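Visitor:
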Amino acid sequence: MLESDGYLFKLLANDTGVVLFPHTIEHRDATQPGIKYADDSRGNALAAMVKPGRIEFRYHRGFSDDRVKQLSERMLALPELQFASGSTITYQARTLIHGSD
Numbered sequence: 116m117l118e119s120d121g122y123l124f125k126l127l128a129n130d131t132g133v134v135l136f137p138h139t140i141e142h143r144d145a146t147q148p149g150i151k152y153a154d155d156s157r158g159n160a161l162a163a164m165v166k167p168g169r170i171e172f173r174y175h176r177g178f179s180d181d182r183v184k185q186l187s188e189r190m191l192a193l194p195e196l197q198f199a200s201g202s203t204i205t206y207q208a209r210t211l212i213h214g215s216d
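With my numbering, the residue at position 49 of the sequence shown is 164, and numbering never jumps.
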């Protein structure tokens, strides 16, 4: 997925883990054990779009800005997400982490 400069894919995240998947799959269809996204904040995971230099989280009433920021910091420290380490993180169009890219 990262082989093209204009990659676009999706992500689910919560305190249990992170799931990355192609942008052609709906967030609600990418559920994994312990990580469930459902419309109208019914799941336990945040949904996001991942673009070069940017991760954009959708609103979830169970996640405050501070919780999303802390989750993002832990997520970006994972070796599997090293490619996104300099990304700007937004939540409901508010910048929580300013990227270095």
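Where is the CB? At the ideal position from N, CA and C, for every residue including glycine. Note that the coordinates shown come from a computational prediction; the quantities given were computed from them, not determined experimentally.
Name the residue from 132, 158, 190 whose alpha carbon lies nearest to the alpha carbon of residue 176.
Guide: Looking up residue 176 in the sequence shown gives position 61. Answer by Cα proximity: 158.
Visitor: Since residue 191 contacts residue 199 with CB under 8 Å, what's their CB separation in whole angstroms?
Guide: Counting from one through the sequence shown, the residue named residue 191 turns up at place 76. Counting from one through the sequence shown, the residue named residue 199 turns up at place 84. Indeed, because the Cβ distance is near 6 Å, the residues count as touching under 8 Å.
Visitor: Mapping the DSSP letters down to three states, classify residue 199 as helix, strand or coil.
Guide: Residue numbering aside, residue 199 sits at position 84 when the sequence shown is read from its first letter. Three-state DSSP puts residue 199 in a helix.
Visitor: Please state whether DSSP places residue 182 in a helix, a strand or coil.
Guide: Locating residue 182 in the sequence shown gives position 67, where the first residue counts as 1. Residue 182: helix per DSSP, three-state reduction.
Visitor: Just how far apart, CA to CA, sit residue 148 and residue 184?
Guide: Taking the first residue of the sequence shown as position 1, residue 148 is located at position 33. Taking the first residue of the sequence shown as position 1, residue 184 is located at position 69. Going from the Cα of residue 148 to the Cα of residue 184 covers about 23 Å.
Visitor: Please go through the same chain and pick out, in chain order, the residues whose beta-carbon is closer than 8 Å to the beta-carbon of residue 145, but skip the five residues on each side of it.
Guide: Reading the sequence shown from its first residue, position 30 is the one you call residue 145. Cβ neighbours of residue 145 beyond the five flanking positions: 125, 127, 134, 136, 152.
Visitor: Residue range of the beta strand (DSSP E) that residue 171 falls in?
Guide: The residue labelled residue 171 in the question sits at position 56 within the sequence shown. Per DSSP, residue 171 belongs to the beta strand (DSSP E) from 169-172.
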